[in-house]
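Shown next, in structure tokens, is the structure this report addresses.
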Amino acid sequence: METLSENMKAALLSVLLLVVGCLIWELSIPAQKAVGELTEYELLTGGGQPKAGVPPPSQVLGKAWEQLSNPFYDAGPNDKGIGIQIGYSIYRVLTGYFLAALVAIPLGFLIGMSSIAYKALNPFIQVLRPISPLAWMPLALFVIQDSEASAIFVIFICSIWPMLINTAFGVAGVREDWVNVARTHELSALKTAFTVILPAAAPTIVTGMRISIGIAWLVIVAAEMLVGGTGIGYYVWNEWNNLDLTSVIFSILMIGVVGMLLDSMFGLLQRAVAYIE
Amino acid sequence: MAKSFLSIEQLTQRYPDGQGNEFTVFEDATFGIEKGEFVCILGHSGCGKSTIMNILAGLSEPTSGVVKMDGRHVSGPSLDRGVVFQNYSLLPWLSALKNVTFGVTARFPHWDKAKVIEHSTAFLAKVGLTGDAIHRKPSQLSGGMRQRVSIARAFANEPKLLLLDEPFGALDALTRGTIQEELIKVWSDTDQTVFMITHDIDEAILLADRILLMTNGPMAQVAENVEITIPRPRVRNDIVEHPNYYAIRNHLVHFLAQRSAELSGKSDGPNSPKTVCIDLTGEADTDDSEPPPLLRAVEV
Ligand SMILES: Nc1ncnc2c1ncn2[C@@H]1O[C@H](COP(=O)(O)OP(=O)(O)OP(=O)(O)O)[C@@H](O)[C@H]1O
Ligand SMILES: [Mg+2]
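As you go down the protein sequences, you meet chains A and B in turn.
Numbered according to the numbering used here, the first sequence spans residues -9 to 267.
Numbered according to the numbering used here, the second sequence spans residues 14 to 313.
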């Protein structure tokens, strides 16, 4: 063991925890069934039926195998592969997210560079920011009249704030010396923005972008549960209505994995723009 | 002096003192710098040296007075006036070479990439930076190397006037010595006009043609203009042997230790520095100002 690096030891421990966790889970399932005594809630939710119990991990694994070996099948509105559902969700997240970036980053630049703009816009930001993105949903549905666009709008509104605030913060915090370097080199305002302020503020901006994508992925599941139709959020809710808990657990895991991938993409970007003073 | 390459005319800077009043950093400062000269300015902390330099760079506006370069008013920063900041001010996300090419592309926008790189590399080599060091980021360079990059960036732009704000303040004595020599070498190769702030008397004597002495602030003045009568090329170890060296040095030390405080706040009309020339070689003193302060200085 002493020859193993710290990382390898940690990886080994992770695998061990996974195996032990699954084992306990697996073993606890028959015991639960053996109790046989159903609560009122279980009766109401159909707990008495054979399909209703919490499935063991082996069953979830089987489901995962089945789903992931054919992720893109499409057998009607209520039966699409997990790949298609996730694809819809990612599409909505990315669309709303990039629209938000398109607004937030230039606006953040403006707020960061001009204290008048900051003071003028700050009250609006402070009031709008704490609103739960889902609270916009009824209004969005009414105004936009389209569930798809409404979901995208909700993603837009939830991912705009961290990007806006971090961009403004990063731009305002660019060291005076670097701006003076640009000034003594007679750079135009646009050139200064792109060659000095943007790289100087990039780590803070990307941190905001990373927070935003995380929030967007959290919100899309809830939004799709509300608007229905397609997407991983709808899928979870639909499988719950079908009382297919195996699929519910499997899709929960998939939500986690996709979220992790999105986050680690921004982690890479963060490393690319980082610098040491 | 009105026809100097760079002329500073009745420059006054006042700041609010935080209690509703104003305080005067310096008033009516008037002096000139000739083309190709290396001028150092010495003075105690807070007397307004950086303030003067920022005005010369065009980074800030004086309360009143004008700065003219080549007969034209200085307003706003310009590529004609290069600045080496005290804290290097390199862009940390760019490599040493890119920091220099950043300046060169701004200065010579019509040059192609190869020429920009060649020019930049040559100037980095002039300050002793070659090999893979030039591809490293500032954070991976030592303090001395960073300062070299910063000097290379300024010289590569071939500005008409180079402004240096305590460029060696943060360096140890050995590194300082090496870079001073490199600075002198680049300066004599390029024939640029240099205005440099320093705290170090020996550094000023080694580098400058003339040293401007400032009295203490507030209400500081540029009181004297001391000519360094030691022929070039000057070598650190040899100049101490020169008969004028200690005479000049004593004069400077005496000024900073005593007279800068005595003269402080005394404003008497147009505040133009008195020229002091100490030369003990040949016959007698050939100074063109009244002798008492000089003799006293020599005796210290
Ligand atoms: N923006 C400002 N507002 C108010 N006072 C200022 C400002 N900038 C400088 N001062 C004051 O002007 C005076 C001169 O400052 P300056 O930085 O020019 O000094 P310095 O001679 O460069 O000192 P040092 O050798 O320590 O760098 C100081 O008293 C300082 O407090
Ligand atoms: Mg200073």
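The beta carbon of each residue, even a glycine, is placed where N, CA and C say it ideally should be.
Query                                                                                                                                                                                                      : Result
Tell me whether residue 63 of chain B counts as near ligand 2, meaning its Cβ is closer than 6 Å to at least one heavy atom of that ligand.                                                                : yes
May I have the straight-line CA-CA distance separating residue 86 of chain B from residue 21 of chain B, to the nearest angstrom?                                                                          : 10 Å
Using 10 angstroms around the beta-carbon of residue 210 of chain B, count the other beta-carbons present and answer buried if the total reaches 16, otherwise exposed.                                    : buried
Mind reading off the beta-carbon distance from residue 57 of chain A to residue 71 of chain A? Whole number of angstroms is fine, and I expect it under 8 Å.                                               : 7 Å
Measuring alpha carbon to alpha carbon, tell me which residue in B/110, B/197 and B/81 is nearest residue 143 of chain B.                                                                                  : B/110
Could you check whether the Cβ of residue 60 of chain B sits closer than 6 Å to any heavy atom belonging to ligand 1?                                                                                      : yes
Identify, in the order they occur along the chain, each residue of the same chain with its Cβ nearer than 7 Å to the Cβ of residue 72 of chain B, setting aside the five sequence neighbours on each side. : 90
Can we say the region 214 to 223 of chain B touches the region 48 to 59 of chain B, given the rule of at least three CB pairs closer than 8 Å?                                                             : yes
So with CB distances below 7 Å, who are the chain A contacts of residue 90 of chain B?                                                                                                                     : 173, 174 and 176
Relative to ligand 1, is the shortest distance from any of its heavy atoms to the C-beta of residue 101 of chain B smaller than 6 Å?                                                                       : no
Could you tell me the alpha carbon to alpha carbon distance between residue 243 of chain B and residue 50 of chain B, rounded to whole angstroms?                                                          : 14 Å
Given 6 Å as the limit, tell me if residue 52 of chain B has its C-beta closer than that to any heavy atom belonging to ligand 1.                                                                          : no
Can you grab the Cα-Cα spacing for the pair residue 166 of chain B / residue 184 of chain B, in whole Å?                                                                                                   : 18 Å
Shorter than 6 Å, the distance from the beta carbon of residue 119 of chain B to the closest heavy atom of ligand 4, or not?                                                                               : Summarising the ligand content, the structure contains ligand 1 and ligand 2 and does not contain ligand 4.
What do you reckon, is the C-beta of residue 38 of chain B under 6 Å from a heavy atom of ligand 1?                                                                                                        : yes
Measuring CB atoms only, is the region 175 to 191 of chain A touching the region 228 to 238 of chain A, in the sense that at least three cross pairs come out at less than 8 Å?                            : no
Could you pull the start and end residues of the beta strand (DSSP E) that residue 28 of chain B belongs to?                                                                                               : 19 to 29
What are the start and end residues of the alpha helix (DSSP H) that includes residue 49 of chain B?                                                                                                       : Segment: none, residue 49 of chain B is in no alpha helix (DSSP H) and carries neither H nor E.
Does the distance from the CB of residue 153 of chain A to the CB of residue 213 of chain A come in under 7 Å?                                                                                             : no
Kindly indicate which three-state DSSP category residue 264 of chain B falls into: helix, strand or coil?                                                                                                  : helix
Mind reading off the beta-carbon distance from residue 240 of chain B to residue 289 of chain B? Whole number of angstroms is fine, and I expect it under 8 Å.                                             : 7 Å
By how many angstroms is the C-alpha of residue 110 of chain A removed from the C-alpha of residue 84 of chain B?                                                                                          : 44 Å
Quick check: residue 87 of chain A and residue 206 of chain A, are their CB atoms within less than 7 Å of each other?                                                                                      : yes
Do we get a CB-CB distance below 7 Å when we pair residue 279 of chain A with the residues of chain B?                                                                                                     : What the structure shows of chain A is the stretch from -9 to 267, and residue 279 of chain A is not part of that stretch, so it cannot be assessed.
Hey, is residue 103 of chain A's beta-carbon within less than 7 Å of any beta-carbon in chain B?                                                                                                           : no
Straight-line CA distance for residue 0 of chain A to residue 232 of chain A?                                                                                                                              : 39 Å
Are any of the Cβ atoms in chain B nearer than 7 Å to that of residue 19 of chain A?                                                                                                                       : no
Which residue's Cα is closest to the Cα of residue 162 of chain B: B/65, B/107, B/273 and B/202?                                                                                                           : B/107
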